[in-house]
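Quick note, the sequences are listed as chains A and B, same order. Note that the numbering used here has the first sequence beginning at 1, numbered continuously upward. Note that the numbering used here has the second sequence beginning at 284, numbered continuously upward. For each residue, glycine too, the CB sits at the ideal point set by N, CA and C. Every value quoted in this text rests on a predicted model; they were computed, and no experiment measured them.
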Amino acid sequence: MAVLERDLATNPVSPVVAKGLAVSHVHKTYRSTVAKWGRKIVTSELSVLEDINFDAHPGEVVTLLGPSGCGKTTLLRIIAGLAQADSGTIKLDGNKVVGPSKDKAVVFQHFGLLPWLDVISNVAFPLKLDGIPLAERTARAERYIKLVNLNGFERHYPHNLSGGMQQRVGIARALARDPSLLLMDEPFGALDAQTREVLQEELLNILAKTRNTVILVTHSITEAVLVSKHVLVFSSLPGRIKNVVTIPPRSSDMSAAEARTSLERKEIERELREMLREHEGIQ
Amino acid sequence: MSGQTGPLSGKDPGTRMGLIEFFDTYPNVVRAISVVLFLCVWEIVGRRMDPIFMTYPVAIFRAAIGLIASGELLKGFLQSLVPFAVGMLISIVLGIAIGLAMGLWRIFEYATDPYVNALNAIPRVALVPLIILWFGLGVLAKIVIVVSVAIFPIIINTYSGVRDVRGALLDVGNAYSASKWQSLHLIILPAALPFIMTGVRVGLALGIIGMVVAEFFTAVNGLGGIIVEYGNTFQTAKMFVAIFAIGILGVILSEAAMALERHWASWRVSERNRQ
Numbered sequence: 001m002a003v004l005e006r007d008l009a010t011n012p013v014s015p016v017v018a019k020g021l022a023v024s025h026v027h028k029t030y031r032s033t034v035a036k037w038g039r040k041i042v043t044s045e046l047s048v049l050e051d052i053n054f055d056a057h058p059g060e061v062v063t064l065l066g067p068s069g070c071g072k073t074t075l076l077r078i079i080a081g082l083a084q085a086d087s088g089t090i091k092l093d094g095n096k097v098v099g100p101s102k103d104k105a106v107v108f109q110h111f112g113l114l115p116w117l118d119v120i121s122n123v124a125f126p127l128k129l130d131g132i133p134l135a136e137r138t139a140r141a142e143r144y145i146k147l148v149n150l151n152g153f154e155r156h157y158p159h160n161l162s163g164g165m166q167q168r169v170g171i172a173r174a175l176a177r178d179p180s181l182l183l184m185d186e187p188f189g190a191l192d193a194q195t196r197e198v199l200q201e202e203l204l205n206i207l208a209k210t211r212n213t214v215i216l217v218t219h220s221i222t223e224a225v226l227v228s229k230h231v232l233v234f235s236s237l238p239g240r241i242k243n244v245v246t247i248p249p250r251s252s253d254m255s256a257a258e259a260r261t262s263l264e265r266k267e268i269e270r271e272l273r274e275m276l277r278e279h280e281g282i283q
Numbered sequence: 284m285s286g287q288t289g290p291l292s293g294k295d296p297g298t299r300m301g302l303i304e305f306f307d308t309y310p311n312v313v314r315a316i317s318v319v320l321f322l323c324v325w326e327i328v329g330r331r332m333d334p335i336f337m338t339y340p341v342a343i344f345r346a347a348i349g350l351i352a353s354g355e356l357l358k359g360f361l362q363s364l365v366p367f368a369v370g371m372l373i374s375i376v377l378g379i380a381i382g383l384a385m386g387l388w389r390i391f392e393y394a395t396d397p398y399v400n401a402l403n404a405i406p407r408v409a410l411v412p413l414i415i416l417w418f419g420l421g422v423l424a425k426i427v428i429v430v431s432v433a434i435f436p437i438i439i440n441t442y443s444g445v446r447d448v449r450g451a452l453l454d455v456g457n458a459y460s461a462s463k464w465q466s467l468h469l470i471i472l473p474a475a476l477p478f479i480m481t482g483v484r485v486g487l488a489l490g491i492i493g494m495v496v497a498e499f500f501t502a503v504n505g506l507g508g509i510i511v512e513y514g515n516t517f518q519t520a521k522m523f524v525a526i527f528a529i530g531i532l533g534v535i536l537s538e539a540a541m542a543l544e545r546h547w548a549s550w551r552v553s554e555r556n557r558q
């Protein structure tokens, strides 16, 4: 797509460092504390992530799949820099992740749009933070609004849009900085089933053009199989990676709708369901 | 049933509304009738009463023309407006600053909330003699009295507005690596603006009360001064002119504040309607 080639031209790919995401030995424990005589006393501990290791190569979609409360959202927040791990390291394109940064973008489950801004200002919001002049950021936001098929809605406010449209805005905003890592926290979890299917397919089309590295959190097996290269199956409490399942690439002549019902994929879904059931007994 | 709907050919002559339905549909007609009736009764009763205690609409209208022609009303109006405007400006700037600081920094909140709560709990009229003692009888005292009543709703609403900002919105700022300053003026302030505007509207209404009270107790001038002066000399009709002038000022300011509130907070109202 011509639009995105221009973005690539402004962010040339450096060939030297190891690209992609590397997560090694990440641990996280939640501690409840009470204050007593000026001291902080730990009353209970809950280990949510235990020795998490995985890599995501550039352009890959890696899905964190697991039951609610297995720590997958916590892991995503740690990668985003919104939470701190107790130990372990995370490297993005060779650089250690210490907090939020402009080469990562987050798509939130409840969209996280700023309700007082219209669609185009929401999409351009990260660019505004970067101090990019209005004319340029509007032009760039416009391209991503087209990419998510929202042209014509630039001047609408979030509260006038359906949930599916709001999440398209969320995706366009995340892509606006052309981040090397896209973090999606149950992005379609708050949508109804039909809208979810449409957006899953559109996400595939978008990623085919933008080629971002994506970490996707979901508890939908179908979603995991449809969009990802690797699925990391989590067990809960403490959250551990139990299995890594690689999904065979979809042949180019197969549409997303066909892939959804293909026998091969149904078989993988069945396997994943077994694995989850082994750990927790869900669905 | 064909189930078709759409514009009719325009030949429907309509059905006559009953009186109750008519009044229900046109509330302003009811209001107008009510006001006209009230003025008529007032005129009739007022003319029969001792002019020291009571006056009547025509006399008030005549007095108003007299006060406007002599320039007395305009002078009183300006005398009131200057301390009021300065006091409101100080209240808005300082109130928002203190409210923001309290909402943003817990420790600042703990250090200041005893004073905010205590001063807010004391009826400020009780402080007027003290304010006069400290600031005299001039414009300064009037400004201080206006600020003392108008600033608290602004502080308290700004504070609540900042505390009400959803963690999800702050997460957005963090995730997109907004600086502290960017989070403040691009996320926290716009999110708190509807609350702040409510505070300003309440502050304006209280500020007018403060203004009139100040004019009763300090140097007697302005619109409040006109009320005192003509009250003391039993010129009831002229007194009513100043009362109405204050009322009209209050209505205009509160309507203006509400219009601004609607303009800046429209997203919030529509968001609430959705839920």
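In the assembly as shown, A:A35 is an exposed residue. Its beta-carbon has fewer than 16 other beta-carbons within 10 Å. Shortest Cα-Cα distance from A:K91 to any of A:V23, A:V123, A:Y144 involves A:V23. Proximity of A:L129 to chain B, defined by a Cβ-Cβ separation below 9 Å, is satisfied. The region 431 to 451 of chain B and the region 475 to 486 of chain B touch, with no fewer than 3 CB-CB distances between them shorter than 8 Å. Cβ-Cβ separation between B:L452 and A:L114: approximately 7 Å, consistent with a contact (criterion under 8 Å). Residues of chain A with a Cβ closer than 7 Å to the Cβ of B:S443 do not exist; the shortest Cβ-Cβ separation is about 18 Å. Straight through space, the alpha carbons of A:E271 and A:S235 are spaced by roughly 15 Å. Going by DSSP, A:E45 is part of the beta strand (DSSP E) stretching over 39 to 56. Counting only runs of 3+ residues, no beta strand (DSSP E) is found wholly inside the region 121 to 158 of chain A.
Under the 8 Å Cβ criterion, the region 258 to 273 of chain A does not count as touching the region 100 to 109 of chain A, having fewer than three qualifying pairs.
Beta-carbon to beta-carbon, A:Y157 and A:D192 are separated by about 21 Å, too far to satisfy the 8 Å threshold. Check the Cα spacing between B:V427 and each of B:T441, B:P412, B:L472: the tightest is with B:P412. Around the CB of B:W550, 16 or more other CB atoms lie within 10 Å, so the residue is classed as buried. Close to A:P133, with beta-carbon spacing below 8 Å, lies no residue of chain B; the smallest spacing is near 16 Å. Taking CB atoms only, B:Y393 has no neighbour in chain A less than 9 Å away. Approximately 7 Å separates the beta-carbon atoms of B:L487 and B:M371; this is inside 8 Å, confirming the contact.
Following the DSSP letters along the chain, one finds A:G163 inside the alpha helix (DSSP H) bounded by residues 163 to 175. Under the Cβ criterion (8 Å, minimum of three pairs), the region 465 to 472 of chain B does not count as touching the region 501 to 520 of chain B. In the DSSP assignment, A:D185 forms a beta bridge with A:V217. Taking a Cβ-Cβ threshold of 8 Å, the residues of chain A close to B:L452 are G112, L114, in chain order. The three-state secondary structure of A:N243, taken from DSSP, is strand.
With its beta carbon less than 9 Å from one in chain B, A:S101 belongs to the interface.
No Cβ of chain B is located within less than 9 Å of the beta carbon of A:F188.
In this structure, A:V233 is the residue among A:E274, A:E264, A:V233, A:A259 with its C-alpha nearest to the C-alpha of A:S68.
Distance from the Cα of A:R137 is smallest, within the candidate group A:L175, A:H159, A:T222, for A:L175. Listed in chain order, the non-local C-beta contacts of B:A458 below 8 Å within the same chain number zero, local neighbours out to five positions each way being set aside. In this structure, A:L237 lies near A:V48, with their beta-carbon atoms less than 9 Å apart. Within chain A, the C-beta atoms nearer than 7 Å to that of B:A458 come from A80, L82, P100, V106, in chain order. Around B:W550, the beta-carbon contacts reaching into chain A at under 7 Å are P115, W116, Y157, H159. Residues L487 of the same chain have their beta carbon placed closer than 6 Å to that of B:L536, with the five preceding and five following residues left out of the count.
Counting only Cβ-Cβ distances below 7 Å, B:A461 has contacts in chain A at L129, in chain order. Here the C-alpha atom of B:E355 lies approximately 41 Å from the C-alpha atom of B:F306. Closest by C-alpha distance to B:I509, out of B:A404, B:G493, B:I529, B:A540, is B:I529. If you compare the alpha carbons of A:R143, A:H230, A:H110 with that of A:S121, the shortest gap goes to A:R143. Separation of the CB atoms of A:V26 and A:A80 is rounded to 13 Å, and the pair is thereby denied contact status at 8 Å.
When secondary structure is reduced to three states using DSSP, A:T73 falls in the helix class.
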